[in-house]
Every structure is written in structure tokens, then in C-alpha cells.
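For the sequence shown, our numbering begins at 103 and goes up steadily by one.
Cβ atoms here follow ideal geometry from the backbone N, Cα and C, with glycine treated the same way.
Worksheet for the structure shown next.
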Amino acid sequence: MRYEEPLFRPPCEAESLIVQVTLGCPHNRCSFCGMYKTKRYRVRDPEEVKADLRRARLFYRHVSSVFLADGNTVAMNSDKLAEIIRYIRRLFPEVERISSYGGGRFLKGKSVESLRALKEAGLDIIYFGLESGDDEILSMVNKGVDSKGMIEAARRVREAGIELSVYILLGLGGEDRWEQHAENTARALNAMRPKYIRPRTLYLLPGTPLYRDAQEGRFREASGETVMRELQVLLNRLEVEGAWFLSDHVSNYVPIYGHLPEDREKMLAAVETALEKADLYLGPRYLTSL
Numbered sequence: 103m104r105y106e107e108p109l110f111r112p113p114c115e116a117e118s119l120i121v122q123v124t125l126g127c128p129h130n131r132c133s134f135c136g137m138y139k140t141k142r143y144r145v146r147d148p149e150e151v152k153a154d155l156r157r158a159r160l161f162y163r164h165v166s167s168v169f170l171a172d173g174n175t176v177a178m179n180s181d182k183l184a185e186i187i188r189y190i191r192r193l194f195p196e197v198e199r200i201s202s203y204g205g206g207r208f209l210k211g212k213s214v215e216s217l218r219a220l221k222e223a224g225l226d227i228i229y230f231g232l233e234s235g236d237d238e239i240l241s242m243v244n245k246g247v248d249s250k251g252m253i254e255a256a257r258r259v260r261e262a263g264i265e266l267s268v269y270i271l272l273g274l275g276g277e278d279r280w281e282q283h284a285e286n287t288a289r290a291l292n293a294m295r296p297k298y299i300r301p302r303t304l305y306l307l308p309g310t311p312l313y314r315d316a317q318e319g320r321f322r323e324a325s326g327e328t329v330m331r332e333l334q335v336l337l338n339r340l341e342v343e344g345a346w347f348l349s350d351h352v353s354n355y356v357p358i359y360g361h362l363p364e365d366r367e368k369m370l371a372a373v374e375t376a377l378e379k380a381d382l383y384l385g386p387r388y389l390t391s392l
């Protein structure tokens with residue numbers, strides 16, 4: 103495969119064949135994110151992508167899942183993306199899952215019909231960056247869409263039959279807005295009804311606007327204890343029936359996993375243990391990978 107670095111994928115796609123259908127992120131202005139700052143967004147020629155796929159077929163005898171990189175691949179023309187997805191299904195008939203990142207700003211601009219066409223072509227799941235359900239925080243971090251737009255985007259994805267995996271960013275409200283962040287994020291998730299909720303914890307990356315805000319006193323980074331309190335509120339307010347809560351990222355203080363609503367108390371007990379043993383669980387984090 104030909105890759106233009108840096109290359110990112112969800113942790114759960116570690117065993118997947120990664121195909122760069124687009125390069126960079128079409129928004130690329132979130133103040134907390136440093137993922138695609140060295141790239142200019144562009145859509146690759148479908149024939150070039152197909153050539154990469156044919157090369158991969160020569161090397162891999164069995165491919166169970168494919169992730170379509172880079173950021174917000176679903177923002178590209180739906181017909182062209184569907185063409186690539188169908189090609190993957192023909193070339194790798196054994197594939198069980200095809201997935202992509204997708205942001206609310208772009209998904210809310212897609213019709214249910216165009217998203218359903220992606221589903222029919224073979225797209226199974228979209229990893230959706232909500233980050234926060236609080237409009238003040240979404241504006242502060244320049245997400246490019248408000249909570250109403252996020253909820254509408256999620257509705258369209260669900261109606262199209264595509265599974266929805268939603269990322270939230272614990273600590274994004276800092277010390278000053280943590281409670282409204284938790285309350286309104288739970289509210290948004292309850293309306294979005296995703297199959298998966300995947301928390302990450304804010305890590306201030308040098309060079310990002312939010313890092314500069316913190317350095318200059320405009321943003322107070324949330325402590326580990328505050329992040330756990332935020333998680334308590336969130337878990338108590340969630341009313342998403344049948345959702346998996348999966349803390350599958352190196353940024354998180356504590357690995358918390360469960361199925362809602364039956365595992366709520368177990369997850370809350372894990373949060374309480376982390377608070378009681380803060381010295382053990384809530385110390386400095388040294389991220390080796392994002």
C-alpha cells in the first residue's frame with residue numbers, strides 16, 4: 103500500500119487493511135486536534151485507490167476488515183465512495199466490515215438516500231466525532247457544527263442503516279465547564295442513540311490552539327479527579343438502550359467497558375474506585391500513541 107503519513111485509525115481497526123481514499127481532513131480546524139495539520143485535504147483518484155487495493159490483494163490472503171482513511175472520508179462524493187466500496191467487496195469477498203470516520207458537519211449535509219447508497223455498497227460503520235454535546239464548548243473548540251446538527255447527522259446515519267460509533271472527549275470543558283459538558287453530552291448521546299460510545303480523554307498537544315489557550319491562561323485543563331466526576335455524571339445521565347460503552351483508548355485514565363443499561367452500576371463502581379485511589383489511577387499520563 104502507498105501511504106501519505108501521518109496515518110491514523112481507530113484502535114479497534116488495528117487489524118484492518120487501511121486504505122487512504124482521501125488525504126487529510128476537510129475541516130481540520132478543531133482547536134484540540136493535531137492529527138492532520140501537515141496535510142492539505144484532497145480526494146484521491148479512485149483508479150489510484152483501486153490500484154492500491156489490487157496490490158494489497160496480492161499480499162494478503164485474508165482481509166476481514168477495511169478502514170477507509172483519512173479523516174471524514176464520507177465527506178467526499180457519495181457515488182465515487184460507493185464505487186470504491188463496491189470494488190473492495192468484489193476484490194475481498196471475505197471482508198466482514200468496512201468503516202470510515204465521519205463528522206457531523208459533513209454528515210448532516212448528506213441525504214439519507216446518499217448514505218443508504220453507501221450502506222448498500224457495503225459501508226458498515228461510521229466513527230463519528232461528537233466530542234461534546236454542549237454548544238458553548240463546540241463553538242469554543244471550533245468544531246464547525248452545533249449539537250442540533252450533530253443529532254441530525256446521527257439520525258441520518260441511523261436511518262440509512264449504518265452503525266454509529268460516537269467519540270466523546272472527556273475533559274474538553276476543562277475545570278470551568280466540566281459539568282455542563284457532561285450533562286449536555288449525555289443529552290446529545292441520548293438523542294443520537296449510537297450503538298457504541300467511545301470516550302477519549304483530552305490530552306493537550308503542543309502546537310494546537312487549545313494548548314496555547316492553556317499556556318496563556320484561557321483554558322484550565324481538567325484534573326484527573328474532575329474527569330472522573332464528569333464521567334460519573336455522564337454515566338448516570340445516559341439513557342441509550344443497548345449501547346456499548348468502550349473506553350478503548352490510551353488517553354483514558356481507567357479502562358471502563360460495559361453494556362447499557364445493565365452494566366451502569368459496574369462502570370460507576372470502577373469510576374468510584376479510581377477516585378478513591380487517585381494516586382494510583384489518576385496520575386500524569388504519558389501518551390505514546392494517539
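Nearest C-alpha to R104 among G136, L291, A158 and I299: A158. A contact between stretches requires three or more CB pairs, one per stretch, nearer than 8 Å, and the stretch 243-254 meets this requirement with the stretch 198-207. In the DSSP annotation of this structure, the continuous segment of the beta strand (DSSP E) that includes P301 starts and ends at Y298 to T303. In the three-state reduction of the DSSP assignment, H361 falls in the strand class.
By the CB criterion at 8 Å, Y269 and Y305 fall outside the cutoff. Spatial neighbours of R111 in its own chain (CB-CB distance under 6 Å, excluding positions within 5 residues in sequence) are listed in chain order as I120 and F169.
Assignment of beta-bridge partners to V168 by DSSP yields L119 and I200.
The stretch 378-388 makes no contact with the stretch 332-339, as fewer than three CB pairs between them are under 8 Å. Partner residues in the beta bridge of G231, as assigned by DSSP, are Y269. The beta carbons of A171 and V123 sit about 7 Å from each other, so the pair counts as a contact at 8 Å. The Cβ atoms of A345 and P308 lie no closer than 8 Å to each other. Note that the C-beta distance between D226 and I264 is below 8 Å.
Taking C-beta atoms as the reference points, A262 and R218 count as a pair closer than 8 Å.
Out of M252, G273 and H351, the CA that lies nearest to the CA of L266 is found in M252. In the DSSP assignment, the residues bridged to W346 are Y298 and H361.
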